[in-house]
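42 is the number of the first residue of the sequence shown in my numbering; add one for each residue after it.
We treat Cβ as the ideally placed atom computed from N, Cα and C, and that holds for glycine.
Worksheet: one structure, shown below.
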Amino acid sequence: MSSLSRELVFLILQFLDEEKFKDTVHKLEQESGFFFNLRYFEEMVTNGEWDEVEKYLSGFTKVDDNRYSMKIFFEIRKQKYLEALDKRDRAKAVDILVKDLKVFSAFNEELFKEITHLLTLDNFRENEQLSKYGDTKSARSIMLAELKKLIEANPLFRDKLQFPTLKNSRLRTLINQSLNWQHQLCKNPRPNPDIKTLFVDHSCGQPNGARAPSPVTNPLMSAVPKAGGFPPLGAHGPFQPTPAALPTSLAGWMANPTPVPHPAASAGPIGLTAPNNAAAILKRPRTPPTNNPAMDYQSADSEHVLKRSRPFGMPDEVPNQLILHQVNNLPVNILPVPYAGQSHGQSSYSPDDLPKTVVMTLSQGSAVKSMDFHPKTQILLLVGTNTGDIMVWEVGSGERIAHKTFKVWDLSACSMPLQASLANDYTVSINRVMWSPDGNLFGVAYSKHIVHVYSYHGGDDLRNRLEIEAHVGSVNDLAFSYPNKQLCIVTCGEDRIIKVWDAVSGAKQHIFEGHEAPVYSICPHHKENIQFIFSTATDGKIKAWLYDNVGSRVDYNAPGQSSTTMAYSADGTRLFSCGTNKDGESYLVEWNESEGAVKRTYCGLGKRSAGVVQFDTTKSRFLAAGDEFSVKFWDMDNVNLLTSTPADGGLPHAPCIRFNKEGTLLAVSTEDNGVKILANSDGIRFLRTVENRSFDASRVAPAAMAPNMGAFGSNNVTIGTTIGDRAAPVAAMVGMSLQSSDGRSLADVKPRIADESVEKSRIWKLTEINEPTQCRSLRLSDNLTAMRVSRLIYTNSGLAILALSSNAVHKLWKWQRNDRNLTGKATTSVAPQLWQPSSGILMTNDITDTNPEDAVPCFALSKNDSYVMSASGGKISLFNMMTFKTMTTFMPPPPAATFLAFHPQDNNIIAIGMDDSSIQIYNVRVDEVKTKLKGHQKRITGLAFSHTLNVLVSSGADSQLCVWSTDGWEKQASKYLQIPNGRAASPHADTRVQFHLDQIHLLAVHETQIAIYEAPNLECLKQFVPREASGPITHATYSCDSQSIYVSFEDGSVGVLTASTLRLRCRIGPAAYLPPNPSLRVYPLVIAAHPSDPNQFALGLTDGGVHILEPLESEGKWGTSPPVENGAGPSNASGANGSEPPQR
């Protein structure tokens, strides 16, 4: 179904709900499978409507879809069974056991026997595990909580739990707009048309008298002025610049908005001012409208008018007022209704994108009060404490690179009350630290009168910039803003005043008075070309100010009269606030800016005895708050708590929190005066990249050390940076002609590192590892028949390794969590267990009528590690990784499967490479081949999906690469490998493919070479050809961060290449991990990279052994990359192997 058809279903669902067709709504939800109504599901479970529960679920999943679905159905049927037993209805219980629970015996026979045994008990509570079973109501409630967790974790329900954000009566609005447009096309439009049907297009009949006035001249209809229909603006024009209109979103908050002169910067029509009484009805806060409380079909306000082309001869001015007054007596939206799109569309983010893994702890020494990540160099964290200390940390290394204690710079310039206060007690606390938007400055607000502004020049270079005695008493908050395109500092304080200061001179520019209690926080923002400030006070009042000294434009109460902080989403389109009142009640809400009303209130904050809850936003998608000794997260579009993390414990009741700009790192204060850094997978990779730099990044100016992670560069010269003591900012050298002390243009001067002389004295050398003492290795114990390892993979969790031997038997090694291995992940320091279920069965592929030794084994692991799909020349088998049981077999040969790959967005779709050179796109759920792809001449040996490009890349024994679109499965490109001169490839040599993390660059592995291609055009970017003495390449793979490539050779050695240059930086000889045995030639056939540790890999050997290798802890990584001369790219010197040609 197309995207628009899908959206139409959502519009129909909204319409049915608004018209109270409840049964029909849920029937359509089930049949379409687009939206799983969790509230309706909860209602049915609570009422024990089990048949309806399963019927509704069937529209979204089946029992055997995955482990989550299986557990959902099992819990429901188990509860139904227990309730029958509790009512002593044995006949019904037996019926449920046979018809509903029997299916689970195939997956866990012991559990089924135990459930059956309950029939023999007078009271099933005699069973130890059920001894705490209470009454039916409480049992259903407990089960419901478990079901909700399973549903939210189930990938089949992803993007189906949240209804799209729609304006109320969106379908009616579209119909009204259509009729309005049809009326515009009438040859004889009447002023008040009578619409009687929707079954045919509207047309006004021929009038009997004079022609009715056209929409353009009709006085009842206001017209949108033309963009070009205004006098020129500017100093030399005949008129003064027109005052800019207040944006709709802000005007809605303001009781008497007054237009304020600002430079016009809008791309659309200018001068559309809101009427002065437009927001008069918003004097009092309003509760958001609610429809059916059992539904969560949300509404949002649209801010954009879609400009549409008109037929020739139509007037330029189109009425913005709807002419339709009724459609079959159905209510019509409030006028006017623009052509609108959704304000907040659904994104592809998931809870896994949230930073929840603790990667390091920074020791502050005093309690953290405020934190802020650098806006460009996102490894820098600024921290302020309750003793007035300021620290700058580099979280990549965990190093504190700058530290300032509180000190008044010029005591004689201070007021007498401040001097008296400091004489009595010199200690202060920091209320806020914040970087300026360009990261060149930061401000500090103290608990006594003062604001300090520092300039930052990289490393430990902090310079005093401004000392401002800003307020009488505590300075409660500080922020940067750009009114009139000039950087300013906004402050607020205990003296109930808000002030604006010039960030360069420190001159006071504006004073805003009107609060009747201390001002708690400020939130500067801009909409279109209007700059404004929200402020909140400790009495719960919210006010808004323009930079005009006219006074407050808004006077509202925060929810619960709480002390509140306000913040916008990263894209600046959504406004949130979070606060705590005097009774300890906390409120996290989203505001409807166009109405000045609370749009939604988020659930899950606890009650506190002291302090105010702190919150932050990230990715324009998630909210986070420090509460109840943990960090809690919400999806912005869902009022229910999404997830939470205790960050491994040790947090205070209300921790201070702060995201970095990309949302990959989260800083959280701890009870013992420290800061924990939490990261998601991208953040972990980012920090490892920073750790592995070959120079001291903390000594480089901010703009020069910015890694490639968004818009890190700066277009401004870093203030005060000199070429003599640190690297000049890279961006500052582009297109400028600054002069150095010797008269040369800085554009001609190479950026230098502080220890440049030391760096140049070092001569790079290939790291050779030939002794067991030079690395860490572990051979995994194996009591099964030793046969060569054909395929090898880590589980996605990193907790286990799965191998497929040439005799079609799978082996699974699992690491246990213990004192020596706190994470439970694969490591050389602890030996894993060769795992088998209690039944003792092995996962063995079908080998009927095949010789396993001649077969081409292949397997693929599902993303949740629950299932493995595998083949060894016979049928394809689907195994349950928990029980080792065969779920199903399919596709008997010929042809035989030679490679398997799961579709990245749908585990039910797999691409199957065959030995007849075809590729079959197969749907497991419906047991159907969707399409066959033909383009190779020999068997398929590799498949790789790119979810970014929406392509499938295939490789074959014919040394050919093909690119297929996953939308229509048509071939987009193909190319043969460039076999190096003098190298002859065997006729059946495998070619493997793997995508880089960026999903664009493609690693191609052949026995003669390693090559990097750019998809989808398959342009060969680089090629690595090994020395002949190493023998052919047997396998290769990217490290988990795509920064390295691990390559195994037939001589038993392993090479580590730098992925960006294909330069060999480390060679591991076979003697480093294999015991000496001259009579036995052993070498790796397959190599697998750990999914989260970029320096760990595993080898599958010809003798059946599996080895894990890691660098020494003292080294931390496999060698160092060859030097790159001044960013000019890889050197053309031959590789350390001796005969590698220059990389192309």
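Look at the Cβ atom of residue i, then the Cβ atom of residue j, and state whether they are nearer than 8 Å.
i            : j            : result
residue 1042 : residue 1032 : no
residue 948  : residue 1012 : no
residue 591  : residue 576  : no
residue 833  : residue 854  : no
residue 911  : residue 845  : yes
residue 1014 : residue 945  : no
residue 482  : residue 434  : no
residue 192  : residue 113  : yes
residue 729  : residue 176  : no
residue 499  : residue 415  : no
residue 451  : residue 535  : no
Could you check what DSSP says for residue i in three-state terms: helix, strand or coil?
i           : result
residue 122 : helix
residue 863 : coil
residue 222 : helix
residue 452 : helix
residue 631 : strand
residue 493 : strand
residue 621 : strand
residue 729 : helix
residue 876 : strand
residue 724 : helix
State buried or exposed for residue i, treating a residue as buried only when at least 16 other CB atoms are found within 10 Å of its CB.
i            : result
residue 935  : exposed
residue 978  : exposed
residue 322  : Residue confidence is low: residue 322 scores 30 on pLDDT, short of 50, so the model does not pin down where it sits. No coordinate-derived value is stated.
residue 467  : exposed
residue 464  : exposed
residue 241  : exposed
residue 633  : buried
residue 908  : buried
residue 813  : exposed
residue 106  : buried
residue 859  : exposed
residue 1114 : buried
residue 828  : buried
residue 881  : exposed
residue 504  : exposed
residue 237  : exposed
residue 1070 : exposed
residue 706  : buried
residue 164  : exposed
Please list, in chain order, all residues of the same chain as residue i whose beta carbon is under 8 Å from its beta carbon, the five residues on each side excluded.
i            : result
residue 100  : 70, 71, 72, 73, 74
residue 955  : 936, 937, 938, 939, 961, 980, 981
residue 485  : 425, 431, 471, 473, 474, 492, 493, 494, 495, 519
residue 201  : 74, 75, 76, 77, 101
residue 1123 : 1093, 1111, 1115, 1142, 1143, 1144, 1146
Within a Cβ cutoff of 6 Å, which residues of the same chain sit near residue i, ignoring the five residues on either side of it in sequence?
i            : result
residue 627  : 621, 646, 654
residue 436  : 420, 422, 718
residue 102  : 110, 197
residue 933  : 916
residue 184  : 116, 120
residue 270  : Annotation note: pLDDT 31 at residue 270 (below 50); position unreliable, coordinate value reported separately. Around residue 270: no qualifying Cβ.
residue 616  : 609, 632, 634
residue 1202 : An answer regarding residue 1202 cannot be provided, because it is not within the stretch 42 to 1185 covered by the chain.
Using C-beta distances below 7 Å, list every residue in its chain close to residue i, excluding the 5 sequence neighbours before and after it, in chain order.
i            : result
residue 1079 : 1035, 1037, 1044, 1086, 1100, 1130
residue 1040 : 987, 988, 989, 990
residue 830  : 844, 846, 1126, 1127, 1141, 1142, 1145, 1147
residue 1010 : 962, 972, 974
Report yes or no: do three or more beta-carbon pairs, one from the stretch 422-441 and one from the stretch 468-485, lie closer than 8 Å?
yes
Touching by the beta-carbon criterion (3+ pairs, under 8 Å), the stretch 124-135 and the stretch 206-215:
no
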